[in-house]
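S.K.: Numbering (full-length UniProt numbering), first residue to last: 1 to 192.
So that we are looking at the same thing, I have put the structure below in structure tokens.
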């Protein structure tokens with residue numbers, strides 16, 4: 001496969017658009033973990049992530065010939081997966097009765113004491129409160145890196161438009177900011 005990253009993806013897009021099944025499979029293989037990371041980061045369940053994943057690949061198949069910039073197919077996939085996740089999330093909000101989401105996310109270990117559950121809940125609340133205060137860019141980067149740890153920096157760079165050499169340092173700064181916000185919340189006694 002000549003070239004790397006965007007060039008290789010562009011070649012695969014052109015070949016897949018001409019009906020080359022091998023090129024389609026390779027395009028999916030190259031970008032699967034990145035798309036999966038976005039799907040998991042923006043959905044609340046494994047089933048929803050799988051639905052969004054399927055919808056994203058279907059939309060790509062339907063639009064292969066219309067892509068204006070085949071080199072940026074990874075970014076197109078990330079944007080599409082994010083939009084499909086948001087669309088599905090809005091649809092789920094309309095159909096999910098109140099209280100169900102809390103029950104789904106309130107997973108307990110059988111041996112947990114009530115005190116352990118309260119402490120975990122408080123810690124998780126501080127974490128998500130602190131996370132929500134990060135810049136959108138930090139949130140995107142940390143979501144993708146945590147949900148798709150097997151994604152290469154080249155894939156993350158292409159998908160998020162961040163230079164490859166700055167991903168590690170940016171990740172470090174984002175985590176440091178998250179840690180600082182968590183410690184500040186803990187010191188102020190924020191429990192809710």
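Ideal placement from N, C-alpha and C gives every residue a C-beta, glycine not left out.
For residue 53, which residues in the same chain have their Cβ closer than 8 Å to its Cβ, ignoring the five residues on either side in sequence?
M.R.: 35, 36, 39 and 81
S.K.: Do three or more CB pairs link the segment 109-124 to the segment 3-12 at distances below 8 Å?
M.R.: no
S.K.: Ends of the alpha helix (DSSP H) at residue 44?
M.R.: That residue, residue 44, is in no alpha helix (DSSP H); it is neither H nor E in DSSP.
S.K.: Is DSSP giving residue 169 helix, strand or coil here?
M.R.: helix
S.K.: Of all the options 186, 178, 13 and 7, which has the alpha carbon lying nearest to the alpha carbon of residue 138?
M.R.: Minimum Cα distance to residue 138 is reached at 178.
S.K.: Under three-state DSSP, which class holds residue 69?
M.R.: In the structure shown, residue 69 adopts coil according to DSSP, grouped into three states.
S.K.: Have a look at 51, 171, 88 and 22 and flag the residue whose alpha-carbon is nearest the alpha-carbon of residue 149.
M.R.: 171
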